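J.: Below you will find the structure I want to go over with you.
Protein chains: 2
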Amino acid sequence: MKTAILTVGTEILFGQIVNTNAAWISQQLQNMGYDVMYHYSVGDNPGRLKELIHFAFHDCDLILTTGGLGPTQDDLTKEVIAEAMGDTIVENKECMEVLMSHFEKHGYKFTPNNLKQAYMPSRATVLPNDAGSAPGFAMEKDGKMIIAMPGPPREMTRMFEKQVKPLLEAKQDSVIYYRLIRTFGLGESMMETELLPLIDGQTDPTIATYAKEGECSLRVASKRPTREEAMAAVDEMTDKVTEIIGKYIYSYDDEDLINVVAKLLLEKNITISSAESCTGGKFAAALCEIPGISAVFERGIVTYSNRAKMEELGVKEETLTAYGAVSPETAEEMVRGLAAKTGSDLCISVTGIAGPGGGSEAKPVGLAYIGLSYKGDVKVVKHMRASSGGRKWTQNSVLLSMLYQVYELIK
Amino acid sequence: MKTAILTVGTEILFGQIVNTNAAWISQQLQNMGYDVMYHYSVGDNPGRLKELIHFAFHDCDLILTTGGLGPTQDDLTKEVIAEAMGDTIVENKECMEVLMSHFEKHGYKFTPNNLKQAYMPSRATVLPNDAGSAPGFAMEKDGKMIIAMPGPPREMTRMFEKQVKPLLEAKQDSVIYYRLIRTFGLGESMMETELLPLIDGQTDPTIATYAKEGECSLRVASKRPTREEAMAAVDEMTDKVTEIIGKYIYSYDDEDLINVVAKLLLEKNITISSAESCTGGKFAAALCEIPGISAVFERGIVTYSNRAKMEELGVKEETLTAYGAVSPETAEEMVRGLAAKTGSDLCISVTGIAGPGGGSEAKPVGLAYIGLSYKGDVKVVKHMRASSGGRKWTQNSVLLSMLYQVYELIK
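Next comes the structure, spelled out in structure tokens:
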């Protein structure tokens, strides 16, 4: 089904925010077999918004909008859609009740403009908002459909997954089944070259590669009359892919490396502690985003200064002087100190040059040493990934390497 | 001048890349006083591209495009623009010379499809590409102007700054000046209610509010014949805003709270250490993303287990038993222990319920206690922000509170 994504908000046109909503929705629709033909962004202007809706419908059968559903005066998406679809806005009892209880629950003060959120087009199917106060809605007319969702990504993604996806899946006449296979340590063009025999001339299942910050993913998709047929085709192709690049694959279900690692730690009940320098706590923070991780994560120490490395982990002053803070020797003493202190099954340390300053020819920005202690074995792994992506990018790249090292140890 | 930004590329519609080009160009145009009315994205499809150009010109006088200027078969932007502007493509001698020398210089192999890049609409003004092989161009017809730039951000931004900006500045008759004011602790509808006397009926300067994860921003903008007049109008309005909601404002220049805090710590040379439980290292990691922070950040400890709280910070077992890990008493002992251990000027601790499990009526998810030790004074602040946003959201909300507490102490 030909689809347009219409994101509403002056902050997009001002360039104050990057339009991640359009990209995210596109990915979801693509995976479901919907063809995204256009992205449009427009400000909170009723005339232009209405014109765009008409323009989009001349070529597309489905429009997904985000933004402009809030309580303030410039939130006009609902009113404009109602008008464009030949409907009127009325008070919606269900919305009113949800709204009132939302405000009560959070102890927010109810201002008169909030009432606006309890009004809906009379023919609309209301889509409840689990993560905020503005509900979304769907409505149809003459075979054309429009689905309106709130702008904040957190609210929109939840609404899409819980309400919009099932609604769109029900409209499909064939079924798309796909797998997103995640790999680490293999570049996109290298992956494409290796898989060329499978990709070339292939119409179904299709294989597509995607590069993502320091990683590479692979999408194997099939569109068939039934789910069973599509699954069988994808599984067969997945086996062929695994034969060629299996050693780089860490997930067949589009799981983030952090989730794969956390699940393994929890399943195998492996306790873990971390000592970080250049990543500044990102490893600990990433693990601690996983619910229930307290069962295995004991502690993390951000030994940013040399003093902290010595006091907290027993790194020797001579080592720091002779080899420097960024050295395999320091990484090893860090992880040995951490293991002695915590007794955790697995200990990991890291020290590196996050940049933008502090690099040299011998120790450039992007260099890091990762220390690992597991069941009595200690080793240090060198990570080097030069980049012009800046400090945050470099830290995230080191973090991915740390996670992959843990994965390799405990998989 | 009313402007549309038209980004061309199937990878945008697939959601494979986020459209940062549109946001970046918008910011530039906004700052120059051009009104961006639309963002459009479309695939490499000549029919749709041509229709969009006609649609955009019915409301706008200027279109900026990115993408589709490369050598491959599906790069069609140049051809479609020429057709839409009633022109034809001819070989351009200047482009041919530049192209040949580009290939020679980089030692690339010249394939026949590269020749495509030496062809241009006959009336086009060529915009050389300093960072790649595909030149851009500008052309006018009947008072409408179109400027085509390449898609890769590095090539596009350089071309914009060096060629497009001067070209557009020469067409200006007014100037826009604006401020982005950041606040903490005030919801969007509450802010709008408070500022209603200023917002109502206001045409210039304009005031707009924006909600962002747990924070709220305000944009005050004015469009006047000269920069001086616009600045004066914005400054006057900023004073009025400050009179009403001044106590919530932490930046008048759209700075993130983390940057404001880091800058203050560095400027005032205040050393800092952290002890985190529920945020799992996010506070340390956020600070460590700032270049040069090693001058003041001494260490961070993620005391996730009770054992770590006792061993690392000297929290008493009796305290944990009597009041629980999430209590003002534990937060206070954590921060006192950290201060004694590190001697940092400012120490911060946090313990809370990140969820989704572990909450109770007395201690619900979203509750946290933040301990602060600064110049000998110790205090504990209660944070409570119920939310259905999930664990990560709750952690980020606690992180913002921690940063704001530090800001309040050292501002």
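Chains as they are written, first to last, in my numbering: chain Y, 2 to 412; chain D, 2 to 412. Even for Gly, the Cβ is constructed at its ideal location relative to N, Cα and C. Owing to the predicted nature of the structure, the values given are computational and were not obtained by experimental measurement.
#1: Between Y:CYS289 and chain D, is the shortest Cβ-Cβ distance under 9 Å, so that the two count as touching?
#2: When you check each C-beta in the segment 8 to 25 of chain Y against every C-beta of chain D, which residues fall closer than 9 Å?
#3: Considering Cα atoms alone, identify which of D:LYS310, D:ALA263, D:ARG300, D:PRO113 is closest to D:SER275.
#4: List, from N- to C-terminal side, the alpha helix (DSSP H) runs of 4 residues or more that fit wholly inside the segment 276 to 302 of chain Y.
#5: Given a cut-off of 9 Å on the beta-carbon distance, is the pair Y:LEU373 and Y:VAL366 in contact?
#6: Using 8 Å for Cβ pairs, my map puts D:MET192 next to D:CYS217. What's the rounded Cβ distance?
#7: At a Cβ cut of 7 Å, what residues of the segment 317 to 329 of chain Y count as close to chain D, listed as they run along the chain?
#8: Compile a chain-ordered list of the residues in the segment 357 to 369 of chain Y whose CB is closer than 7 Å to at least one CB of chain D.
#9: Let me know the secondary structure DSSP gives Y:MET160 once reduced to three states.
#10: For the segment 90 to 119 of chain D, enumerate the residues whose C-beta is nearer than 7 Å to any C-beta of chain Y, in chain order.
#11: Among the residues of its own chain, which have a CB less than 6 Å from the CB of Y:HIS1, if the five just before and after it don't count?
#12: Using a Cβ-Cβ cutoff of less than 7 Å, which residues in the same chain neighbour Y:LEU400 once the five nearest sequence positions on both sides are dropped?
#13: Report back the beta-carbon spacing between D:ARG494 and D:VAL176 to the nearest angstrom; my notes put them in contact at under 8 Å.
#14: Can you pull the chain Y neighbours of D:PHE298, defined as C-beta to C-beta under 9 Å?
#15: What residue range does the alpha helix (DSSP H) around D:THR67 cover?
#16: Which residues in chain D sit within 7 Å of Y:PRO292, going by Cβ to Cβ distance?
#17: In terms of alpha-carbon separation, which member of Y:LEU187, Y:ALA233, Y:SER223 lies closest to Y:TYR211?
#18: To be precise: take each residue of the segment 70 to 83 of chain Y, compare its Cβ to all Cβ atoms of chain D, and keep it if any distance is under 9 Å. Which residues remain?
#19: List, in chain order, every chain Y residue whose beta-carbon is nearer than 7 Å to that of D:ALA285.
#20: Given this structure, state the Cα-to-Cα distance separating D:ARG155 from Y:ALA323, to the nearest angstrom.
#21: Pick out the complete beta strand (DSSP E) segments inside the segment 366 to 397 of chain Y, 3 residues or longer, and give them in chain order.
#22: CA-CA distance, Y:SER102 and Y:MET121?
#23: Determine, using beta carbons only, whether D:ALA85 comes closer than 9 Å to chain Y.
#24: Quick one: Cα of D:LEU410 to Cα of Y:GLN396, how far?
#25: Kindly list the residues whose CB is nearer than 8 Å to the CB of D:ILE273, restricted to its own chain and excluding five residues on each side of it in sequence; keep chain order.
#26: Might you give, ordered along the chain, the residues of its own chain that have their beta carbon closer than 8 Å to the beta carbon of D:LEU70, omitting 5 neighbours on each side?
#27: Exposed or buried, D:ASN20, counting other C-beta atoms within 10 Å across all chains shown (16 or more means buried)?
#28: Residues of chain D with CB under 9 Å from Y:ARG386, in chain order?
#29: Strictly below 9 Å CB to CB, what residues from chain D border Y:MET38?
#30: Would Y:LEU347 count as contacting chain D if we go by Cβ distances under 9 Å?
#31: At the level of alpha carbons, what is the spacing between D:LYS380 and D:GLY358?
#32: Counting only runs of 3+ residues fully inside the segment 166 to 244 of chain D, write out the beta strand (DSSP E) ranges in chain order.
#33: By the three-class DSSP mapping on this structure, what secondary structure does Y:ILE13 have?
#34: Between D:GLY68 and chain Y, is there a C-beta pair that is closer than 9 Å?
#35: Output yes or no for whether 9 Å exceeds the beta carbon distance between Y:HIS384 and Y:TYR375.
#36: Leaving out the 5 sequence neighbours to the left and right, which residues in its chain are closer than 7 Å to Y:LYS269 when beta-carbon positions are compared?
T.: In this structure, then:
#1: For Y:CYS289, the answer is yes, since a Cβ of chain D falls inside 9 Å of its Cβ.
#2: Flagged, chain order: THR8, GLY10, THR11, GLU12, ILE13, LEU14, PHE15, GLY16, GLN17, ILE18, VAL19, ASN20, THR21, ALA23, ALA24, TRP25.
#3: Looking at the Cα atoms, D:ARG300 is the closest of the given residues.
#4: Taking only runs of at least 4 residues, the alpha helix (DSSP H) segments lying wholly in the segment 276 to 302 of chain Y are 283 to 288.
#5: Going by C-beta atoms, Y:LEU373 is not nearer than 9 Å to Y:VAL366.
#6: With 8 Å as the limit, D:MET192 and D:CYS217 qualify as a contact, their Cβ atoms being about 5 Å apart.
#7: Residues are counted here when their Cβ sits less than 7 Å from a Cβ of chain D; for the segment 317 to 329 of chain Y the count is zero.
#8: Listed in sequence order: PRO357, GLY358.
#9: Helix, per DSSP.
#10: Within the segment 90 to 119 of chain D, no residue has a Cβ that lies closer than 7 Å to any Cβ of chain Y.
#11: Nothing in the structure corresponds to residue 1 of chain Y, since chain Y is present only between 2 and 412.
#12: The residues are THR280, LYS283, PHE284, ALA287.
#13: Past the boundaries of the shown model lies residue 494 of chain D; chain D is included only from 2 to 412, so the question cannot be answered.
#14: For D:PHE298, the neighbours in chain Y by C-beta distance under 9 Å run, in chain order, GLY281, VAL303, TYR305, SER306.
#15: Element bounds for D:THR67: not the alpha helix (DSSP H) but the beta strand (DSSP E), 63 to 67.
#16: Under the 7 Å cutoff, chain D gives PRO357, GLY358, ARG392.
#17: Ranking Y:LEU187, Y:ALA233, Y:SER223 by Cα distance to Y:TYR211 puts Y:LEU187 first.
#18: Listed by position, the residues of the segment 70 to 83 of chain Y near chain D (Cβ gap below 9 Å) are GLY71, PRO72, THR73, GLN74, ASP75.
#19: Against chain Y, a Cβ distance below 7 Å from D:ALA285 picks out GLY281, GLY282, VAL303.
#20: Cα atoms of D:ARG155 and Y:ALA323: separation of roughly 41 Å, rounded to the nearest angstrom.
#21: Within the segment 366 to 397 of chain Y, the runs of beta strand (DSSP E) at least 3 residues long that lie entirely inside it are, in chain order, 368 to 375, 378 to 385.
#22: If you take the alpha carbons of Y:SER102 and Y:MET121, they lie about 18 Å apart.
#23: D:ALA85 has a beta carbon lying at 9 Å or more from every beta carbon in chain Y.
#24: Their Cα atoms are separated by approximately 29 Å.
#25: Closer than 8 Å at Cβ, skipping near neighbours: LEU266, LEU288, VAL297, PHE298, GLU299, SER345, ASP346, LEU347, CYS348, ILE349, VAL407.
#26: Listed in chain order, the non-local C-beta contacts of D:LEU70 below 8 Å within the same chain comprise ASP76, THR78, LYS79, GLN118, ALA135, PRO136, GLY137, ALA149, MET150, PRO151, GLY152, local neighbours out to five positions each way being set aside.
#27: Flag for D:ASN20 reads buried.
#28: Chain D residues near Y:ARG386: none, gap ~17 Å exceeds 9 Å.
#29: When 9 Å is used as the limit between beta carbons, Y:MET38 is near these residues of chain D: LEU14, VAL43, GLY44, ASN46, ARG49, in chain order.
#30: Against chain D, the CB of Y:LEU347 has no partner CB under 9 Å away; the residue lies outside that interface.
#31: Their Cα atoms are separated by approximately 28 Å.
#32: Taking only runs of at least 3 residues, the beta strand (DSSP E) segments lying wholly in the segment 166 to 244 of chain D are 176 to 185, 207 to 213, 216 to 225.
#33: It is helical.
#34: It does not: the Cβ of D:GLY68 has no partner Cβ on chain Y nearer than 9 Å.
#35: No, they are not a contact pair.
#36: Within the same chain, Y:LYS269 has close Cβ partners ILE411.
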